[in-house]
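The sequence shown begins at 88 in our numbering and counts up one residue at a time.
See below for the structure under consideration.
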Amino acid sequence: MTKLNVAALQLGTCKEGTDATIEKIISYKDEIISKEIKLCVLPEALLGGYPKGKNFGTWLGYRALQGKKDFASYYKDTVLVSSSNPQINKLENLAKETGCQFVIGCIEKTEENSSLYCTMIFIDSAKGLVGKHRKVMPTGTERLIWAQGDGSTLSTMSFPNGEDTVKIGGAICWENLCPLLRFAMYSKNLNIWCAPTVDQREIWRSVMKTIAYEGRLFVISSCQFVPSATEMGYGADHPDPELAAQGKKILPEWDGEYSDDMPCINGGSVIVNPYGDIIAGPLLGEEGLVSAEVDLDLILESRYDFDPTGHYNRSDIFKLTVNEN
């Protein structure tokens, strides 16, 4: 079987916290089963939350006490990525009950230190938690609250589909803009690229089309949908004094008109084929399941004239060294 049904589950973090978010994920069980989804990708930072607009009391050279308290509060609802964690067990059970593999964005805490990582976890329907990938470079002020991942979690996951094996991997949000990381992952001969994100913009979907066309593989990008920044408590006072005087916040973007009822993160999940064509989505302005049937033979067809790590790779000229320790 070269064909399988795949999906992006577009959800936002629940304001009630991680346990409530997991229950929201589980609420899609029947739809996942009815659509016979074999792989489902969920957004960046879905478990633990993406606190868009918060500055955690930090200015260059200054870190306010309240910001430190905000970080401590944020930390407490993040996720220990371990099969000994009951939260992870619920997701493992969902995978088993649906026969679906899951890739889920979370904010990871560890037992070794008090740093946080932006992570995507791989949950196999038969084996449970099988791996994780930590974002190697947090973007902008994400660096205030998330540590850098390293090469040891440039992970992939394989699962059977009939007589075939499907191999997946990918990158989180703006990691997808890193050319060397992309080539390192292409070199693992993936079939499906998973891209959890919170980037709602149209240009993000252009990036996803580029990766699908460049890597000659299928891409599933799953973005959060968070309807209200005010409801979530996200958003600091605008740093522009004139806009601050008008009661403006920095969400959802730095420029343009703003109103409190605009979505904090507006979604935009898509599925793209190896020729760069969007075959499902974008889903905007609501949560939901974006699904499509993909045919892995299309990867072979598309690589006839362009194989980025095969006949189109001039390894006699260019070398890439990757430290995966």
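Glycine included, C-beta positions come from ideal geometry on N, C-alpha and C.
Range covered by the beta strand (DSSP E) that runs through residue i
i, result
"PRO350", "Segment: none, PRO350 is in no beta strand (DSSP E) and carries neither H nor E."
"VAL294", "Where VAL294 is concerned, there is no enclosing beta strand (DSSP E), although the alpha helix (DSSP H) it sits in stretches over 289 to 302."
"LYS254", "251 to 257"
"ALA415", "Here the chain comprises residues numbered 88 to 412, so residue 415 is not present and cannot be evaluated."
Beta-carbon contacts of residue i that lie in its chain and below 6 Å, excluding the five residues immediately before and after
i, result
"SER202", "ALA234"
"ILE456", "No answer is possible for residue 456: the residues shown for the chain start at 88 and end at 412."
"GLU123", "ASN92"
"PRO130", "GLY192, PRO283, SER309, CYS310 and GLN311"
"LEU126", "VAL93 and GLN188"
"ASP342", "Residue placement at ASP342 is poorly supported in this model, since its pLDDT is 48, which falls under 50; the coordinates still yield a value, given next. Closer than 6 Å at the Cβ level, and outside the excluded window around ASP342, lies no residue."
"TRP261", "THR226"
"ILE113", "LEU181"
Beta-bridge pairing of residue i - partner residues as DSSP gives them
i, result
"ILE208", "ILE191 and LYS219"
"GLU411", "DSSP lists no partner for GLU411."
"CYS310", "THR284"
"ALA95", "VAL128 and VAL377"
"MET244", "ILE255"
"LEU134", "CYS193"
"SER356", "LEU370"
"TRP146", "TYR149"
"PHE305", "ILE279"
"LEU167", "LYS196"
Opening and closing residue of the alpha helix (DSSP H) in which residue i lies
i, result
"THR89", "No alpha helix (DSSP H) contains THR89, which DSSP labels as neither H nor E."
"GLU110", "105 to 113"
"TYR421", "The chain is shown only over 88 to 412; residue 421 falls outside these bounds and no answer can be derived."
"SER160", "152 to 163"
"SER121", "116 to 121"
"ILE386", "384 to 389"
Neighbourhood of residue i by C-beta, 8 Å cutoff - its chain only, sequence neighbours within 5 removed
i, result
"ARG303", "PRO361, ILE386, SER389, ARG390, PHE393, ASP394 and PRO395"
"ARG401", "none"
"PHE270", "PRO395, THR396 and LEU407"
"ARG288", "GLY355"
"ILE352", "GLY99, TYR137, LYS139, VAL285, GLN287, CYS310, GLN311, PHE312, VAL313 and PRO339"
Own chain partners of residue i with C-beta closer than 7 Å, once the 5 adjacent residues on each side are dropped
i, result
"THR165", "GLY135, ILE194, GLU195, LYS196 and LEU203"
"CYS101", "ALA107, THR108 and LYS111"
"THR105", "LEU134, GLY135, ASP164, VAL166 and GLN174"
"LEU267", "LEU407"
Exercise. Going along the chain, which unbroken runs of the beta strand (DSSP E) with 3 or more residues stay wholly within the region 169 to 204?
Worked result: 188 to 196
Margin query: For the region 155 to 165 against the region 180 to 188, do three or more pairs of beta-carbon atoms, one drawn from each stretch, fall closer than 8 Å, so that the two count as touching?
Written below: no
Original post:
Can you find at least 3 beta carbon pairs, one from the region 392 to 406 and one from the region 272 to 287, that sit closer than 8 Å?
Top reply: yes
| said: Assess contact between the region 169 to 177 and the region 220 to 234, defined as three or more Cβ pairs (one per stretch) separated by less than 8 Å. Is contact present? | reply: no
Does the contact criterion of 3 or more C-beta pairs under 8 Å hold for the region 137 to 157 versus the region 236 to 243?
no
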